[in-house]
Structures are given as structure tokens and as C-alpha cells.
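Heads up, the final residue of the sequence shown is numbered 155 in this note's numbering, and it's a clean run with no missing numbers.
A virtual CB, placed ideally from N, CA and C, is assigned to each residue, including glycine.
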Amino acid sequence: MNAESDERRRVTPPVTTAPATGDVTEEVTAEPPLGSRAPDFIKARRTLHVSWQVGVFVVGLAVVAAGAAMLVLPGPGWVVIFGGMAIWATEFVWAQLVLRWTKRKVTEAAQRALDPKVRRRNIILTTVGLVIVAALAAVYLWKYGLTLPWNIARQ
1 MNAESDERRR
11 VTPPVTTAPA
21 TGDVTEEVTA
31 EPPLGSRAPD
41 FIKARRTLHV
51 SWQVGVFVVG
61 LAVVAAGAAM
71 LVLPGPGWVV
81 IFGGMAIWAT
91 EFVWAQLVLR
101 WTKRKVTEAA
111 QRALDPKVRR
121 RNIILTTVGL
131 VIVAALAAVY
141 LWKYGLTLPW
151 NIARQ
């Protein structure tokens with residue numbers, strides 16, 4: 001391997017400061033190195049490795065396309081799309097970086113959703129929305145009764 005691919009594979013953990021002491025600490029990340037995860041005998045022959053990459057790309061593309069179709073059809077669309085990205089990530093660095101970014105954003109969103117202020121705000125907004133819907137339903141029932149909208153006579 002060349003020096004560029006070795007540099008890409010090297011993952012340095014982020015440096016943070018401890019809140020109480022101000023000491024510099026390093027977080028331990030369990031992320032695997034970037035790059036192809038093809039078996040060594042496949043990587044040893046360029047033609048075989050390119051064929052392997054084409055096969056991984058085609059299979060990943062089929063899975064991502066099926067997931068995109070499931071966004072409008074019944075099925076777990078986003079789960080399947082991320083599954084296709086995971087297939088691509090076995091071979092392509094760009095897909096590995098996209099998946100790492102996505103995992104980081106999902107983790108951040110989950111942490112924000114657990115924040116008591118955000119939960120309280122969401123409960124208040126949901127309650128206000130339900131009150132508005134109930135008020136609109138009450139006005140409709142007061143004006144038209146239990147008649148369906150398409151059965152209301154024109155006035």
C-alpha cells in the first residue's frame with residue numbers, strides 16, 4: 001500500500017478537555033479504519049479487485065433503489081437505504097464517511113430529544129395542536145352536525 005492510503009486509514013481520536021479539571025483527555029473511538037474490506041487475495045489482483053468493487057456497487061445500488069422505492073411504497077425505506085449504504089461502505093471510503101456522519105448526527109439528535117427542555121416544548125406544541133384541531137372539529141360539528149363534507153348541500 002502507498003502512504004496516501006495509510007494516511008486515510010489512520011484514525012486519530014478527538015481531543016477534549018475534562019469539564020471539572022480542565023485536563024486534556026482523548027476519547028477512545030471504536031471506528032474501523034477507512035478503506036476496502038475485501039479479502040486480501042482479492043486486493044492482490046487489480047482486475048479481481050475492480051470486479052469486486054463493481055459487484056459491491058451494483059448490489060448496493062439495487063438495495064438503495066429498492067429503499068427509494070419503499071419511500072413511496074409500503075416498506076422500511078430509510079432502513080433499506082442505510083443498508084445499501086452499509087454495503088457500499090464495505091468497499092468505498094466515501095460511503096464509510098457518509099455513514100459515520102449519519103451515525104454522529106443521529107446520536108446528536110437522540111441526545112437533543114432526551115433534553116428535558118426539548119421534551120417539554122414538544123409536549124406543549126402537541127397539546128396546542130390538539131386543542132386547535134379539537135376547536136376546528138367543534139366548529140364543524142356545531143355548523144354542520146355529523147354530515148360528511150361531500151354530503152353538505154350548497155347554500
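- For Gly35, there is no enclosing alpha helix (DSSP H), as DSSP gives it neither H nor E.
- Between Ala68 and Gly75, the gap from beta carbon to beta carbon reaches 8 Å or more.
- In the structure shown, the three-state DSSP call for Glu91 is coil.
- Between Glu91 and Val56 the beta-carbon gap is near 4 Å, inside 8 Å, which marks them as a contact.
- Under the 8 Å Cβ criterion, the region 39-54 does not count as touching the region 81-88, having fewer than three qualifying pairs.
- Taking the Cα positions, Leu125 is about 17 Å away from Leu136.
- With a 10 Å radius around the Cβ and a threshold of 16 neighbouring Cβ atoms, Trp101 comes out exposed.
- The alpha-carbon of Val128 is positioned some 14 Å away from that of Arg119.
- Along the length of the region 58-121, whole beta strand (DSSP E) runs at least 3 residues long do not occur.
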